[in-house]
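Notes follow once the structure below has been shown.
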Amino acid sequence: MNKPAFDDIFMELAVNLAKRSHCVKRHVGAVLTMETRIVSIGYNGPPKGTHNCDEEWPTDGCARDSKGGCSLAIHAEQNAILYAVKNKTSVEGSTLYVTLSPCLSCARIIYTMGIEKVIFLNSYASYKGLTEDEGVEFLRKFGVKAEQYDGEIDHANQLI
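In this text, residue positions in the sequence shown follow my numbering: the first is 1368, and each later residue adds one.
Below is the structure:
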């Protein structure tokens, strides 16, 4: 029996977590790990106790902010980091697996929290029609390893 690599296991989990998202526009999942252990998980969506966009606004999603982004959504990376911190778990030195490369705002948080490595499935720049992945470039500039996932798993290539 071939045992899957931990990168494959964690990315497949991130893909499956993305399916929990209530966002109408994009589903994103994240897994924070320390060596071979899961520290925290997250997916994009509104803060607890507010509106689930797919239920409240099933056609168009929540209102847009001044930059065109979701006015309610917390990104998957942010949710994973916030949950860990809320539970007094350090994320310093961890690895983050995420289905969409971090935006610049998330990249700043990742760097500040001391996360050492980010493995992403798809490009945020490609999704947004940008020329470069600003978040990935920021992370690399300041010494955080950031690389696109190139493993083999059953469900990682198809996102909702």
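For glycine and all other residues, C-beta sits at the position ideal for the given N, C-alpha and C.
Please say whether Val-1398 and Tyr-1464 have beta carbons closer to each other than 7 Å? Locating residue 1464 in the sequence shown gives position 97, counting from the first residue. Locating residue 1398 in the sequence shown gives position 31, counting from the first residue. Taking 7 Å as the Cβ cut-off, Tyr-1464 and Val-1398 qualify as a contacting pair.
Beta-carbon contacts of His-1442 that lie in its chain and below 6 Å, excluding the five residues immediately before and after: Within the sequence shown, the letter at position 75 stands for residue 1442. Only Asn-1411 and Cys-1473 meet the Cβ criterion.
Terminal residues of the alpha helix (DSSP H) in which Thr-1479 lies: Residue numbering aside, residue 1479 sits at position 112 when the sequence shown is read from its first letter. Taken as a continuous stretch (DSSP letters only), the alpha helix (DSSP H) holding Thr-1479 covers 1471–1479.
Looking at Ile-1448 and Met-1401, is the spacing between their C-beta atoms short of 7 Å? Counted from its first residue, the sequence shown places residue 1401 at position 34. Counted from its first residue, the sequence shown places residue 1448 at position 81. Their beta carbons are not under 7 Å apart, which means Met-1401 does not touch Ile-1448 by this criterion.
Closest to Leu-1439 by C-alpha separation, out of Thr-1403, Cys-1390, Val-1458 and Leu-1467, would be which residue? Numbered from 1 along the sequence shown, position 72 holds the residue referred to as residue 1439. It is Cys-1390 whose Cα lies nearest to the Cα of Leu-1439.
Terminal residues of the continuous alpha helix (DSSP H) containing Ala-1381? Position 14 of the sequence shown holds residue 1381. Here the alpha helix (DSSP H) through Ala-1381 covers 1373–1385.
With DSSP as the reference, please indicate the residues paired to Lys-1484 in a beta bridge. Here residue 1484 refers to the residue found at position 117 when the sequence shown is read from its first residue. In the DSSP output, where bridge partners are listed per residue, Lys-1484 has Thr-1462 and Lys-1512.
What would DSSP say about Val-1398, mapped onto helix, strand or coil? For the purposes of this step, residue 1398 is taken as the residue at position 31 of the sequence shown. In the structure shown, Val-1398 sits in a strand (DSSP, three-state: E or B).
With H, G and I counted as helix, E and B as strand and the rest as coil, what does DSSP make of Leu-1439? Locating residue 1439 in the sequence shown gives position 72, counting from the first residue. Leu-1439 falls in the coil class under three-state DSSP.
With distances taken between CB atoms, is the gap from Thr-1466 to Leu-1497 smaller than 7 Å? Start at 1 with the first residue of the sequence shown, and residue 1466 comes out as number 99. Start at 1 with the first residue of the sequence shown, and residue 1497 comes out as number 130. Taking 7 Å as the Cβ cut-off, Thr-1466 and Leu-1497 do not qualify as a contacting pair.
Would Ser-1461 and Ile-1482 be called neighbours here (beta carbons separated by less than 7 Å)? As a first step, residue 1461 must be located in the sequence shown, where it is residue number 94. As a first step, residue 1482 must be located in the sequence shown, where it is residue number 115. In contact: Ser-1461 and Ile-1482 (Cβ atoms closer than 7 Å).
Just reading off the alpha helix (DSSP H) that Ser-1493 is part of, what are its end residues? Within the sequence shown, the letter at position 126 stands for residue 1493. From DSSP, the alpha helix (DSSP H) with Ser-1493 extends over 1491–1495.
Just reading off the beta strand (DSSP E) that Arg-1431 is part of, what are its end residues? Here residue 1431 refers to the residue found at position 64 when the sequence shown is read from its first residue. No beta strand (DSSP E) holds Arg-1431; DSSP gives it neither H nor E.
Reduced DSSP category for Val-1503 - H, G, I as helix; E, B as strand; rest coil: The sequence position of residue 1503 within the sequence shown is 136, counting from 1. Reduced to three states, the DSSP call for Val-1503 is helix.
Kindly list the residues whose CB is nearer than 7 Å to the CB of Ala-1372, restricted to its own chain and excluding five residues on each side of it in sequence; keep chain order. Counted from its first residue, the sequence shown places residue 1372 at position 5. Gly-1518.
Roughly how many whole angstroms lie between the Cα atoms of Ala-1430 and Leu-1471? Here the question's residue 1430 lines up with position 63 in the sequence shown. Here the question's residue 1471 lines up with position 104 in the sequence shown. Taking the straight line joining both Cα atoms gives about 21 Å.
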